[in-house]
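Q: Residue numbering for the sequence shown follows the working numbering, starting at 311 and increasing by one per position.
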Amino acid sequence: MLGRYLWSRGISWTGNALTAVALPIMLYQLTGSAALTGLLAAMEAVPYLVLGLPVGALVDRWNTRSTLVLSSIASAIAAASIPLAAAFGALTPAHLIIVATSTSVAFVFFDAASFGMIPAIVGRDAIAAATARMMTISTLIGIAGPPVGGVLVATGGGALALLIDALSYLIGALLLASIGTPASERSTKGPSTATIRQDIAEGLRYIRSMPVIRDLTFLGIGNSLAGGAVSGLVVVAAVRSLGLDADSSAIGVLFGGAAIGALAASWLIGPLQKRSGLGVITVGALLLSAAAISGWAFAPSFLAGLAALTLWQLGTTVVSLNGIIVRQSITPPGLQGRVNTTARMIAWGGQPLGAGAAGLLADSLGIREALLCAALVALSTAVIAAVLPVSRSGRIAQLTG
């Protein structure tokens with residue numbers, strides 16, 4: 311069962327990796343605007359902020375597999391609209407932003423359902439190993455996908471990448487449909503007499519009652535604020551600072567380098583959680599992130615920029631994975647959707663603000679100044695982490711054992 315689930319995610323991630331490169335390049339080619347490119351990244355995060363709470367409560371009531379399948383089909387339809395519009399010469403910047411937003415809405419439902427899938431399939435004791443395995447697949451695809459996406463955009467146009475993405479969603483939906491409902495889910499889901507508001511309140515109370523989850527969620531805001539600024543300006547920085555063409559395949563290599571950082575994080579998070587306190591992991595990763603963003607801002611060459619992006623992604627991904635694994639490990643099955651989507655919604659709250667603000671700063675002050683602001687945010691978050699109760703927390707085994 312886990313194998314089919316991972317195959318479905320892997321195929322979808324392959325298409326996503328191509329689109330992650332194609333969409334910002336297509337928008338920048340159409341507009342030449344750093345602000346609009348930042349807006350694209352922002353709109354990819356806004357749906358989580360608006361819908362995270364109610365969707366988490368709803369998904370805890372719904373059949374997980376059906377939610378995953380229908381979300382994938384909705385994403386396929388949205389992605390397919392871009393090559394269709396391009397074929398008729400009707401593609402506009404607004405269309406690209408609407409598709410990015412639409413697929414992000416579908417992702418909120420998919421993500422909320424997927425949080426409960428891993429614990430239901432493998433059991434609590436194997437969550438960290440299964441999550442690391444899933445992240446390894448994701449990041450390996452992320453390493454190969456962006457360079458391929460860059461080549462596709464340079465040779466066949468961005469519409470081809472979106473067509474492949476649409477097909478990947480459909481194949482993923484078929485694989486998900488073949489997965490049976492785990493027994494643990496059948497025993498914990500069913501009709502609820504509570505209102506959606508009461509379900510949401512229960513999830514919020516649980517987060518507040520667990521200091522480790524509460525602190526890691528709060529620190530995720532700063533991590534995503536800085537991360538939104540960096541990810542929203544990768545294409546702009548590559549063009550303005552490194553002198554690359556907007557349709558250069560080298561931009562895909564930069565995205566691939568960042569994926570290597572995420573891969574390293576997926577390998578390191580297990581050993582780190584076994585040997586170090588959860589707060590120590592977060593503080594160290596945030597400091598690495600701040601230093602790497604500064605290096606990206608002052609990168610004198612393509613290789614230096616590639617190294618900086620790789621290290622930044624390593625740091626920011628460790629912060630994220632640390633929180634995700636903690637939540638999945640100690641949250642009761644009936645609260646997985648609510649707690650994880652609520653925590654991610656709060657933690658990701660900084661991403662659209664960071665992406666939008668960085669785009670405006672890049673146009674008004676300069677790309678370097680915008681990135682230095684992002685580095686300052688990451689550094690400040692590390693300082694805050696050092697004084698919160700989570701800084702004195704032990705290893706994850708002490709929470710689950």
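Backbone N, C-alpha and C fix where the C-beta goes; we use that ideal spot for every residue, glycine too.
Since we're looking at a predicted model, the values are computed, not measured.
#1: Can you tell me whether residue 505 is buried or exposed, with buried defined as 16 or more other CB within 10 angstroms of its CB?
#2: Just confirm the distance between the C-beta atoms of residue 660 and residue 535, as a whole number of angstroms; I'd bet it's less than 8 Å.
#3: Got a sec, what are the start and stop residues for the alpha helix (DSSP H) residue 420 sits in?
#4: State the DSSP-derived secondary structure class of residue 372, mapped to helix, strand or coil.
#5: Identify the continuous alpha helix (DSSP H) that holds residue 652 and give its terminal residues.
#6: What is the DSSP secondary structure of residue 353, counted as helix, strand or coil?
#7: Quick check on residue 288: does DSSP put it in helix, strand or coil?
#8: Taking 7 Å as the limit between beta carbons, can you name the residues of its chain near residue 391, skipping five residues before and five after?
#9: Following the continuous alpha helix (DSSP H) through residue 705, name the residue where it begins and the one where it ends.
#10: Compare the beta carbon distance of residue 444 and residue 319 with 8 Å and say whether it is the shorter of the two.
#11: Three or more beta-carbon pairs under 8 Å between the segment 600–616 and the segment 576–585, yes or no?
#12: What residue does the alpha helix (DSSP H) around residue 341 start on, and which one ends it?
#13: Quick one: what's got a C-beta closer than 7 Å to residue 493's C-beta in the same chain, skipping five residues either side?
#14: Is residue 679 buried or exposed, if buried means 16 or more other CB atoms sit within 10 Å of its CB?
#15: Can you have a look at residue 610 and say buried or exposed, based on whether 16 or more other CB atoms are within 10 angstroms of its CB?
#16: Give the straight-line distance between the Cα atoms of residue 365 and residue 637, rounded to the nearest whole angstrom.
#17: Under 8 Å, with one C-beta from each stretch per pair, do the segment 337–351 and the segment 509–524 reach the 3-pair mark?
#18: For the structure I just gave you, are there three or more beta carbon pairs, one from the segment 544–556 and one from the segment 670–689, closer than 8 Å?
#19: Does the Cβ-Cβ distance between residue 321 and residue 478 come in under 8 Å?
#20: How many whole angstroms separate the CB atoms of residue 530 and residue 664, which I take to be in contact at a CB cut-off of 8 Å?
#21: Would residue 695 pass as a contact of residue 701 if the rule is Cβ separation under 8 Å?
#22: Let's see if you can read the secondary structure: which residues bound the alpha helix (DSSP H) around residue 588?
#23: Exposed or buried, residue 515, counting other C-beta atoms within 10 Å across all chains shown (16 or more means buried)?
#24: With DSSP run on the structure shown, which of helix, strand or coil describes residue 525?
#25: Using 10 angstroms around the beta-carbon of residue 565, count the other beta-carbons present and answer buried if the total reaches 16, otherwise exposed.
#26: Taking residue 598 as the reference, which of 388, 622, 589, 373 has the closest Cα?
#27: For residue 698, count the other beta carbons within 10 Å of its own beta carbon; 16 or more makes it buried, fewer makes it exposed. Which is it?
#28: By the 10 Å Cβ neighbour count, where 16 or more other Cβ atoms means buried, how is residue 577 classified, buried or exposed?
#29: Going along the chain, which residues of its own chain have a beta-carbon closer than 6 Å to the beta-carbon of residue 367, five neighbours each way excluded?
#30: Helix, strand or coil for residue 398? Go by DSSP, reduced to three states.
#31: List the whole-angstrom C-beta distance separating residue 471 from residue 382, where the pair is believed to meet the contact cut-off of C-beta under 8 Å.
#32: Please report how far the alpha carbon of residue 417 lies from the alpha carbon of residue 670, in whole angstroms.
#33: Measuring straight from C-alpha to C-alpha, what distance separates residue 325 and residue 393?
#34: So the candidates are 627, 437, 667, 675; which of them puts its Cα closest to the Cα of residue 348?
A: Based on what the coordinates show:
#1: When all chains shown are included, residue 505 counts as exposed.
#2: That pair is a contact at about 3 Å.
#3: Residues 403–432.
#4: In the structure shown, residue 372 sits in coil (DSSP, three-state: anything other than H, G, I, E or B).
#5: Per DSSP, the continuous alpha helix (DSSP H) segment holding residue 652 begins and ends at 646–657.
#6: It is helical.
#7: One cannot answer for residue 288 here, as it falls past the ends of the chain, which runs 311 to 711.
#8: Taken in chain order, the residues that qualify are 409.
#9: That residue, residue 705, is in no alpha helix (DSSP H); it is neither H nor E in DSSP.
#10: Cβ atoms of residue 444 and residue 319: closer than 8 Å.
#11: The segment 600–616 makes no contact with the segment 576–585, as fewer than three CB pairs between them are under 8 Å.
#12: The continuous alpha helix (DSSP H) containing residue 341 extends over residues 312–341.
#13: Unreliable positioning characterises residue 493 in this predicted model, as indicated by a pLDDT of 48, which lies under 50. The coordinate reading is nonetheless provided below. Around residue 493: no qualifying Cβ.
#14: Burial is judged here by how many other beta carbons sit within 10 angstroms of a residue's own beta carbon; residue 679 has fewer than 16 and is exposed.
#15: Burial call: exposed.
#16: Note on geometry: alpha-carbon atoms of residue 365 and residue 637 lie some 17 Å from one another.
#17: No: the two stretches stay apart, fewer than three of their Cβ pairs being nearer than 8 Å.
#18: Segments in contact, yes.
#19: Yes, Cβ-Cβ distance for residue 321 and residue 478 is below 8 Å.
#20: The pair is not a contact, with the Cβ atoms about 12 Å apart (cut-off 8 Å).
#21: In this structure, residue 701 lies closer than 8 Å to residue 695 by Cβ.
#22: Segment 588–607, the alpha helix (DSSP H) holding residue 588.
#23: The residue in question, residue 515, is exposed, as its Cβ has fewer than 16 Cβ neighbours within 10 Å.
#24: Judged by DSSP in its simplified three-state form, residue 525 adopts helix.
#25: Per the 10 Å Cβ criterion, buried.
#26: Per the Cα distances, 622.
#27: Here residue 698 is buried, its C-beta having at least 16 other C-beta atoms within 10 Å.
#28: Burial call: exposed.
#29: Only 506, 509, 510, 648 meet the Cβ criterion.
#30: Secondary structure at residue 398: coil, using DSSP grouped into helix, strand and coil.
#31: With a Cβ gap of about 18 Å, residue 471 and residue 382 do not count as contacting.
#32: Taking the straight line from one Cα to the other gives about 27 Å.
#33: The straight-line gap from Cα to Cα measures roughly 14 Å.
#34: For residue 348, the nearest C-alpha among the options comes from 667.
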